[in-house]
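Participant: What follows is a structure written as structure tokens; I'll ask about it next.
Residue numbers (this note's numbering): 620 to 984.
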């Protein structure tokens, strides 16, 4: 075939765009324009901002067809700028989750990240990706966000170029992460959305029923750093292999739950090999809404909103109390740079990190 005919043939085979994508100005941060992207189709309406690559809202129907926003968040940019502790809806990096004492070694060199969580670094240090203005452009059915993190940013080596692509496909929101670096570095990107399938601001999530596809988890010490063990969930309150209400055992007398004030643990996902695998399923009995999470990542951090304390008011003007939302942060394991037995988070020049996570929303009648 001639090149033009090949291109025409490929175009004919390409799927038609089913989601409408619109963009509107949403203020300024650090002297840069901030925008709000709205992705909508017959099933969902999703809003994304290039400030911190946040998922601002996801409107999903309940069993009667009534839509509600099922992620916690704010009505305007000022809310996200003022919130420096919850990471609500953002992409966190360079290293999502914790690095012990903010220190790690790579190829014989020591690196130090500012500490911001009980003597450890959390979600990239004191000025991570969640408050950066990303460059954005529309894509088919979505938006692609790009951030260039300079060499030495928060102490991390190498100039890192990160891309996050959000794509709306029917009832699914797909997130694709990719990154390259100019020097060997460590990387762990994830999205930190808080979900409440009954609707944002509508009470706590303790009655929502959770299934986690994990036989093991990584126990933590008193500052939520993994001990290095891969412990079985069997016989513990962290066993969600069968659907279990989130609050069924959250107050059990268990050292791990006492340390975290609930669930804030990395679960080792059951996967037979590379590619997409099931991470979690959540059902809200009240509304009938369901959430299924699939990913290429080896772990998921299940967090039950233990540190929400009523000091933050969301989009509906309701204060977010403890357990007002839950997180399912697909990821490599916390503190992997200091844990040789964990899957490596090192990224080298010439390599491209790529991972995918899909949030699929449905209804149980």
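Heads up, the beta-carbon is just placed ideally off N, CA and C, and yes, glycines get one too.
#1: If we count Cβ pairs, one from each stretch, closer than 8 Å, do we get three or more for the stretch 793–807 versus the stretch 711–722?
#2: Here's the rule: buried if 16 or more other CB atoms are within 10 angstroms of the residue's CB, otherwise exposed. What is residue 968?
#3: Output the boundary residues of the alpha helix (DSSP H) element that contains residue 696.
#4: In terms of residue numbering, what span does the beta strand (DSSP E) encompassing residue 900 cover?
#5: In terms of alpha-carbon separation, which member of 790, 819, 655 and 799 lies closest to residue 938?
#6: In this structure, what does DSSP give as the bridge partners for residue 678?
#7: Count the C-beta pairs between the stretch 742–758 and the stretch 976–983 that are closer than 8 Å, then say yes if the count reaches three, no if not.
#8: For residue 836, write down the residues that DSSP places opposite it in a beta bridge.
#9: Where do the N-terminal and C-terminal ends of the alpha helix (DSSP H) with residue 879 fall, by residue?
#10: According to DSSP, which residues form a beta bridge with residue 782?
#11: For residue 810, which of 919, 891 and 857 has the nearest alpha-carbon?
#12: Could you tell me which residues DSSP puts in a beta bridge with residue 656?
#13: Do residue 687 and residue 681 have their C-beta atoms closer together than 8 Å?
#14: Would you mind giving the Cβ-Cβ distance between residue 669 and residue 752, rounded to the nearest angstrom? I have them listed as a contact below 8 Å.
#15: Could you check what DSSP says for residue 955 in three-state terms: helix, strand or coil?
#16: Is DSSP giving residue 738 helix, strand or coil here?
#17: Round the Cβ separation of residue 829 and residue 878 to the nearest angstrom and send it over; I've been treating them as touching at under 8 Å.
#18: Determine the direct distance from the alpha carbon of residue 816 to that of residue 953, and round the result to whole angstroms.
#19: By the three-class DSSP mapping on this structure, what secondary structure does residue 707 have?
#20: Do residue 962 and residue 951 have their CB atoms nearer than 8 Å?
#21: Just the Cα atoms here: how many angstroms apart are residue 772 and residue 792?
#22: If I follow the unbroken beta strand (DSSP E) through residue 913, where does it start and stop?
#23: Which residues mark the beginning and the end of the beta strand (DSSP E) in which residue 975 is found?
#24: Anyone know if the C-beta pair for residue 718 and residue 775 falls short of 8 Å?
#25: May I have the straight-line CA-CA distance separating residue 906 from residue 945, to the nearest angstrom?
#26: Within its chain, find whatever has a CB closer than 7 Å to the CB of residue 736; leave out the 5 residues flanking it on each side and keep chain order.
#27: With a cut-off of 8 Å on the beta carbons, I'd call residue 658 and residue 785 a contact; round off their distance for me.
#28: Name, in chain order, the residues that DSSP records as bridge partners for residue 860.
#29: Going by DSSP, what residue range makes up the beta strand (DSSP E) through residue 724?
#30: Output needed for residue 984: all residues of its chain with C-beta closer than 6 Å, excluding positions within five of it in sequence on either side, in chain order.
#31: What residues in its chain sit with their C-beta under 6 Å from that of residue 966, if we drop five residues either side in the sequence?
Facilitator: So, to answer that:
#1: yes
#2: exposed
#3: 696–701
#4: 896–902
#5: 819
#6: 664 and 688
#7: no
#8: 850 and 886
#9: 874–879
#10: 765 and 797
#11: 919
#12: 642 and 667
#13: yes
#14: 6 Å
#15: helix
#16: coil
#17: The Cβ separation is near 20 Å, so there is no contact.
#18: 27 Å
#19: coil
#20: yes
#21: 30 Å
#22: 908–914
#23: 972–982
#24: no
#25: 16 Å
#26: 717
#27: 7 Å
#28: Paired residues: none, contrary to the question.
#29: 722–725
#30: 682
#31: 800, 804, 806 and 972
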